[in-house]
Amino acid sequence: MFELSTNAVIYIGAGLITGFLAGIILMLFIVQNLKKEQSLLKRKYEKTSVGADDSELRVKTLENKIKTLEAALEKSLKKD
Numbered sequence: 004m005f006e007l008s009t010n011a012v013i014y015i016g017a018g019l020i021t022g023f024l025a026g027i028i029l030m031l032f033i034v035q036n037l038k039k040e041q042s043l044l045k046r047k048y049e050k051t052s053v054g055a056d057d058s059e060l061r062v063k064t065l066e067n068k069i070k071t072l073e074a075a076l077e078k079s080l081k082k083d
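One rule links them: number in the numbering used here = place in the sequence shown (from 1) + 3.
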């Protein structure tokens, strides 16, 4: 049928092993980069979510101050 010499088998086997190792190393590199990107995005999200919570708190505080000032204004206008 089809005969391969010993050298051809060795070269083909070495090529297959080298290809598998290169593929594994490449995938490890890609996965490591994706993990770094994920952690950076996670930190960025946490920073923005904390900022959003802080903004909501500031808005509520300002709304309460406005209500207090409006009540004081109405009270002072009723005295006149």
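Ideal Cβ placement from N, Cα and C applies to all residues, glycine included.
Computed from a prediction, not measured in an experiment: that's the story for all the values here.
Other residues of its chain near residue i: CB distance less than 7 angstroms, five sequence neighbours each side excluded
| i | result |
| --- | --- |
| Leu80 | none |
Neighbourhood of residue i by C-beta distance below 6 angstroms, restricted to the same chain and skipping five residues each side
| i | result |
| --- | --- |
| Lys50 | none |
8 angstroms CB neighbourhood of residue i in its chain, flanking five on each side removed
| i | result |
| --- | --- |
| Arg61 | none |
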